[in-house]
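*Asks:*
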Amino acid sequence: MSAPRKAVFDVSALFEETWTGIPNVVAAIAERALTDGDIDWVFTYETIPLPRDLVRRFLRLRSGAGGLPALSQLAWDRQPIPFDEARSMVAVFPNIKPVRGYFGTEAIIVHDLSPVTTPQFHNADNIFHFANRIREDVATSDHVFCVSKATMGDVHAYLEKPMEQMSVLRLGAEFDPAELSAGLLQVRQGAHVEPYVVVIGTLEPRKNGGLVFDYLAQNPGFAHQYKMVFIGRDGWLDEKGRLMERLHNVGVPAERIQFTGFVSNTERTALLLNSAFCIYPSFFEGFGLPVLEAGALGKITVCSNSSSMPEVFPEQCVFFDPGEMYEFVQAMRIAELRAAQTRSRQQSLSDILERAAPHGWDACYARVAQWVKEQ
Amino acid sequence: MRKIDNSRLFWGGGGEGDKVPLRIFLSAPAKPVNETDRASASQGLGRSDYSYAFAMRGFMAALDEMEVDYTVVERPEAVADIRDRSDAEINIHLGFYPPELIRVLKGAYNINCFAWEFDRLRSRDEIPSDHAFADQAEMLSIADEIWVPSEHGAAAVREGVAKPVHRTPSPVLSNLVKRARDHAPNARDVDRASRALGAVNWVPLAILPRVKETVEQAAHARTRTLQAILSELESPTLYVSVLNVHDYRKQAEPMIAGFLRFAETNPRAVLLLKLSTPFRGRGLANRILLEDQIAHAGRMIPPMVSERIWLTDDVLTREEMSHLYDAASFYLCTSYAEGQNLPLIEAMARGVVPVSVDHTAMRDYISDNDAVVVPSHRRPLDLRMSHRYRMVGTAMNVVEPSDLAHALATAQALSPEAYAHKSAAALAEVQNQFGLAPFADRLNAVVERLAAGGQA
Amino acid sequence: MISNYSPVAAFKLEDQKDVLTGYAAPSGESPCLLKLVGGDTPIFFARASGYSASAAADGFRSGWCGFEVHGAAQAFVVSDTVRLVCGVSGEVLAEITEPPRTTSASQPGAWSVTDLLSEVRRPDTSPSMDELSRFALNHYRRHGARQFIEATYETLLGRWPDPNAPQVNERLADDEKKVASYLRMIVKSEEYQARWGALMPGAFHPSFRYDRSGVI
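Below, the structure is given as structure tokens:
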């Protein structure tokens with residue numbers, strides 16, 4: 258019986274205080290890597306090996322708070338993996354490569370090429386840091402995991418990486434059963450929420466939230482039936498005052514639009530669960546995790562058909578072109594009808610757990626592990 | 041319960057089963073790309089004056105003429121694979137992008153239209169930044185085919201890129217005169233045209249660097265319409281040139297110096313310079329001309345103040361441009377290098393006789409037959425040009441003021457027959473080279489090859 | 002996800018009306034997970050990480066192991082055997098023998114979205130400033146003023162303190178007053194009010210960044 262393959266997983270993203278997109282992906286993979294006996298995983302901060310307990314602590318806290326002092330100590334106590342040793346190892350970098358051609362075999366995870374293909378949605382710093390390294394990071398990787406076929410198409414088209422050196426690594430969505438229960442209002446006797454729809458995803462120009470305002474201005478009746486809830490703050494919104502006034506003039510009072518401000522995961526899940534349906538009008542995505550989450554919870558999403566979004570959860574989506582109001586209106590109509598049809602059929606907790614199960618992170622980890630074992 | 045169909049992914053296009061043979065998609069950058077784009081400049085990306093949106097419109101007009109259905113795509117990068125949404129057997133994408141901004145329509149046959157004016161592309165050592173899209177040759181290679189408007193440009197690109205490169209200029213199909221001129225515009229022609237330009241204001245040339253502000257203000261005080269300018273002259277001969285004043289390639293200094301020299305012995309010659317600049321309407325024409333076309337750290341600029349040269353930075357409508365050309369006898373071009381030079385071609389399409397250099401893009405359509413050729417001398421890029429275009433050692437074509445003055449004298453002395461001949465020949469060149477046929481031939485060749493190969 | 006929870010070591014069921022309440026103290030560091038089942042069907046999960054006055058009185062985790070379990074009525078629709086079990090070990094903690102009577106305390110009519118958010122948020126909040134102050138003070142004493150300020154900003158405002166964030170008032174007599182005064186200042190701010198309103202984060206709220214060791 259041969260010794261398990263030695264592999265490196267760079268978990269530097271976990272050192273952040275608050276975990277968003279990329280740290281969550283790293284956490285999901287790390288969690289499973291910790292219990293995989295077939296691979297001898299070494300968790301690193303770039304090339305500095307970390308004690309597993311530190312990784313477990315981050316996973317328990319769901320935060321890297323206090324990690325940097327520990328790292329400073331480690332940097333002296335533990336040397337980076339020496340070059341000679343690294344030559345025989347496989348390394349997986351979930352975002353940026355701190356070294357290139359250092360490990361015997363290197364893989365990178367690419368989420369999207371948005372800073373170079375849609376720079377208009379990014380600030381100069383973002384663009385600078387991404388654009389100046391991505392070509393070499395991809396070129397020096399023996400394998401590129403792309404989170405969608407669309408991203409893979411972009412890496413192939415713009416960076417000319419051969420398809421044989423890439424594969425799709427679909428992201429996952431998992432729900433803590435306690436968080437799910439907290440939001441499952443139908444379990445509580447007599448409890449139900451006013452009708453509302455939720456606009457999911459963070460709020461920034463790329464996410465195209467303004468489309469929803471335009472829609473309400475043209476279809477004020479909708480707002481009388483459903484409250485429009487935006488998850489997050491309204492700071493992104495240009496000329497919010499003017500938009501709200503425009504809505505007021507067509508008979509949509511301000512209280513029919515709600516910005517929730519910051520919400521925790523539990524609160525977000527509750528908002529999705531109790532909505533009539535969800536809206537995701539984004540102009541461009543590398544994957545579209547909010548659509549996966551909504552779909553896994555059994556919600557219908559009126560979803561943009563741009564880039565990767567049609568791949569995520571098509572069976573639960575009604576698609577439209579994010580630049581075409583006519584299509585959005587049609588899609589909203591279909592979603593409304595669907596929501597009306599399913600309103601009486603409330604999901605139980607077991608229904609949700611069962612539906613969500615295949616969309617967790619196990620398949621994602623399995624794909625990475627399989628690749629590691631093949632090297 | 042009624043089944044609700046939410047399976048429609050893409051709303052446009054034909055129904056299931058109906059496959060059309062061909063669809064053409066076009067796209068260009070959202071904003072015009074020009075030298076003054078600070079955002080591009082800060083990223084160290086290349087600068088380009090080739091107006092991609094204009095070029096795209098030329099191709100659209102041609103497709104309209106051919107009655108070929110096309111779609112303009114606003115965000116080609118948002119399409120994961122066009123074959124998922126298109127009902128066509130063959131999908132062709134015509135992209136109009138400088139290499140640093142190139143976008144492809146994944147799943148289509150991608151043709152990128154791009155103008156280049158130098159003898160070669162930037163070498164690897166000249167790549168301006170680490171940006172993933174900074175290497176021109178690398179970025180051009182991601183298209184399946186490249187169309188360059190001039191043979192000179194095509195040859196330069198071919199050297200650096202393994203994909204097929206074809207000379208396919210943007211068609212010029214509109215605003216052509218129906219008949220060539222049989223004489224240079226006479227006083228009546230000029231008068232009629234100038235009446236239609238009543239909304240355009242011109243200031244006289246006023247370059248005196250040591251007392252810039254004073255002299256510029258004085259020039260501003262002498263603002264006139266064309267009619268007013270002409271009213272003081274007897275049977276004037278109008279020379280015209282159109283340039284983006286921030287474009288270093290235009291080499292406007294010898295044009296001005298040469299014209300002034302010529303004007304010393306030709307009292308009836310007037311040069312009208314239509315300048316395009318984003319800083320229009322602020323009385324800055326002379327200042328920008330000085331700073332971007334004439335100023336040189338290495339030497340003193342002599343005074344150039346004259347009512348024989350008039351500048352405007354107004355935006356002219358297509359119609360007004362046609363009238364301007366109709367009033368002009370000659371069009372001047374003294375560029376260091378050009379990628380296509382649409383304003384010159386448009387002037388020729390109105391029957392204006394060129395007084396022009398015949399290198400780079402102009403080599404395709406300027407000769408003694410249809411123009412008065414201005415000699416030029418190949419020299420390595422100077423400091424300013426090297427810095428601007430981030431290339432070292434490649435050539436530019438320098439024009440001496442005396443070269444231009446001499447050519448102008450030749451032009452002035454043309455017999456009516458010679459003038460008519462050149463005007464007709466110029467018009468014919470435009471019709472032959474920038475008409476529908478070259479483009480249609482090229483497009484059909486692509487479609488046939490794709491249909492035979494069954495790919496795209 | 003189960004790895005984020007510890008098995009139940011001590012358990013008390015207090016109320017069985019509409020909602021099952023009580024506390025469940027863990028043997029490890031992480032809180033307990035409770036599962037309400039009707040037969041074999043899971044009906045409701047709850048994290049035992051809320052504040053419970055009786056847990057505090059009984060000396061468990063300074064009170065931070067309380068739970069609220071809904072859905073007992075629904076469980077009885079599914080099966081006659083309704084149980085509360087430990088979500089980690091499976092140990093049966095309580096048998097619920099009678100379906101709860103509906104009380105008039107249930108909110109009539111539709112909840113607003115704001116009501117929904119408040120209700121979801123409530124179990125993870127501190128009942129008053131006092132409970133929060135305990136952790137804040139503990140963090141201040143263990144890690145010093147600078148780290149106290151960082152943890153306070155993270156916990157209460159969800160962000161890193163800006164360079165000109167106010168300092169702790171060193172002129173006050175004792176640590177308790179210093180910490181309390183700083184907390185009051187933040188809690189009164191517009192930014193805090195917009196984020197939390199009248200509520201305060203509890204010891205196991207995802208934003209909570211104070212050191213819990215020594216208190217829990």
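Residue numbers (this note's numbering), protein chains in the order written: chain A, 258 to 632; chain B, 41 to 496; chain C, 2 to 217.
Just so you know, even glycine gets a beta-carbon here, dropped at the ideal spot from N, CA and C.
This one's a predicted model, so the numbers in the text were calculated from it and none came from an experiment.
(1) I want to verify the contact list: residues of chain A whose CB lies under 7 angstroms from the CB of Ala47/C, in sequence order.
(2) Looking at Phe205/C: is its Cβ nearer than 9 angstroms to the Cβ of Gly29/C?
(3) So, does the CB of Thr76/B fall closer than 9 angstroms to a CB anywhere in chain A?
(4) Just the Cα atoms here: how many angstroms apart are Met201/C and Ala26/C?
(5) Please check if any C-beta of chain A sits within less than 9 angstroms of the C-beta of Leu270/B.
(6) Show which residues of chain A have a CB atom less than 7 angstroms away from the CB atom of Arg196/C.
(7) Would a C-beta distance cut-off of 9 angstroms place Ala492/B and Ser190/B closer than the cut-off?
(8) Under 6 angstroms Cβ to Cβ from Asp297/A, same chain only, skipping five residues before and after it: list those, please.
(9) Could you give the DSSP three-state label for Arg87/B: helix, strand or coil?
(10) Between the stretch 61–72 of chain C and chain A, which residues of the former have a C-beta closer than 7 angstroms to a C-beta of the latter?
(11) Closer than 8 angstroms by beta-carbon distance: list the chain D residues that pair up with Val121/C, in chain order.
(12) Do we get a CB-CB distance below 9 angstroms when we pair Met2/C with the residues of chain A?
(13) Sorted by chain position, which residues of the same chain lie with C-beta nearer than 8 angstroms to Met130/C's C-beta, five sequence neighbours on each side aside?
(14) Give a yes or no on whether the minimum CB-CB distance between Phe329/A and chain C is below 9 angstroms.
(15) I'd like the span of the alpha helix (DSSP H) that includes Thr115/C, first residue to last.
(16) Along the chain, where does the alpha helix (DSSP H) containing Phe302/B start, and where does it finish?
(17) Gly410/A touches chain B at which residues, Cβ-Cβ below 7 angstroms?
(18) When the Cα atoms are used, what is the spatial distance from Val230/B to Asp366/B?
(19) Measuring alpha carbon to alpha carbon, tell me which residue in Ala322/A, Ser329/A, Val444/A, Gln336/A is nearest Ser605/A.
(20) Residue range of the alpha helix (DSSP H) that Val397/B falls in?
(21) According to DSSP, which residues form a beta bridge with Gly23/C?
(22) Using beta carbons (cut-off 9 angstroms, strictly below), is His206/C in contact with chain A?
(23) Are any of the Cβ atoms in chain A nearer than 9 angstroms to that of Thr115/C?
(24) Going along chain C, which residues have a C-beta under 8 angstroms from Val444/A?
(25) Taking C-beta pairs closer than 8 angstroms, name the residues in chain A that Glu114/B reaches, listed in chain order.
(26) Would Leu49/B pass as an interface residue toward chain A - the criterion being a Cβ-Cβ separation below 9 angstroms?
(27) Hey, does Thr275/A have any beta-carbon neighbour from chain C nearer than 9 angstroms?
(28) Does the count of Cβ pairs from the stretch 200–213 of chain B and the stretch 92–107 of chain B closer than 8 angstroms reach three?
(29) Could you give the distance in angstroms between the alpha-carbon of Thr263/B and the alpha-carbon of Leu351/B?
(30) Thinking Pro139/B and Met179/B are a contact (beta carbons under 8 angstroms), I'd like their distance in whole angstroms, please.
(31) Among all the DSSP beta bridges, which residues are the ones paired with Glu363/A?
(32) Taking the straight line between their C-alpha atoms, what separation do you get for Glu417/A and Val112/B?
(33) Run down chain A in chain order and give the residues with a C-beta less than 7 angstroms from the C-beta of Arg210/C.
(34) Which residues of the stretch 299–321 of chain A have a Cβ closer than 7 angstroms to any Cβ of chain C? Give them in chain order.
(35) Starting from the Cα of Thr357/B, find the closest Cα among Ala128/B, Ser126/B, Lys314/B, Leu134/B and give me that residue.
(36) Over what stretch of residues does the alpha helix (DSSP H) that includes Glu488/B continue unbroken?
*Replies:* Answer, in terms of the structure:
(1) Ala435, Ser438
(2) no
(3) A caution first: Thr76/B carries a pLDDT of 41, below 50, which makes its placement in the model unreliable, though a value can still be read off. Not an interface residue.
(4) 22 angstroms
(5) no
(6) Gly518, Phe519
(7) no
(8) Pro261, Lys263
(9) Legend: pLDDT at Arg87/B = 41, less than 50; position of this residue unreliable, value from coordinates given subsequently. Three-state DSSP puts Arg87/B in coil, outside helix and strand.
(10) His71, Gly72
(11) In the structure shown, chain D cannot be found, because the protein chains are A, B and C.
(12) Since pLDDT at Met2/C reaches only 46, below the 50 mark, its modelled position is unreliable, and the value read off the structure follows with that caveat. For Met2/C, the answer is yes, since a Cβ of chain A falls inside 9 angstroms of its Cβ.
(13) Ala181, Leu184, Arg185, Val188, Met201
(14) Residue identity check: residue 329/A is Ser in the sequence provided, not Phe. No, no contact with chain C.
(15) 114–122
(16) 292–304
(17) Ala120, Asp121, Lys146
(18) 7 angstroms
(19) Val444/A
(20) Element bounds for Val397/B: n/a, residue is neither H nor E.
(21) Leu14/C, Phe68/C
(22) yes
(23) yes
(24) Ile44, Phe45, His71, Gly72, Gln75
(25) Gly580
(26) yes
(27) yes
(28) yes
(29) 10 angstroms
(30) 4 angstroms
(31) Ala348/A
(32) 25 angstroms
(33) Ala322
(34) Arg317, Arg319
(35) Lys314/B
(36) 476–493
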